[in-house]
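Encoded as structure tokens, the structure appears first; notes follow it.
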């Protein structure tokens, strides 16, 4: 079977220590609208760059599958420096 050139997308993620750093972008909770007055508010949490990368990959896959269904393949490969052992 001959596949077209745009049949498959490969996402390569490099899990380096740099991606473990905080992005300094706070994660929004919608607890205030649902919370009672007796609930203590949480300190803001910040995502790491790795978390943002994973979210972007998942969102990319969702969009591709919404548009093309099973006609397009997406493969994700994760490389971590600890894999070199």
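In the numbering used here, the protein residues as written are 740 to 824. All C-beta atoms in this analysis are idealised placements derived from N, C-alpha and C, irrespective of residue type, glycine included.
- Annotation for residue 767: no beta strand (DSSP E) segment contains it, and DSSP assigns it neither H nor E.
- When secondary structure is reduced to three states using DSSP, residue 753 falls in the strand class.
- In this structure, residue 796 keeps its C-beta atom at 8 Å or more from the C-beta atom of residue 816.
- Relative to the Cα of residue 746, the nearest Cα in the group 767, 808 and 798 belongs to 808.
- Minimum Cα-Cα distance from residue 801 among the listed residues 813, 788 and 779 corresponds to 813.
- In the DSSP assignment, residue 779 falls outside any alpha helix (DSSP H), carrying neither H nor E.
- Cα atoms of residue 754 and residue 811: separation of roughly 25 Å, rounded to the nearest angstrom.
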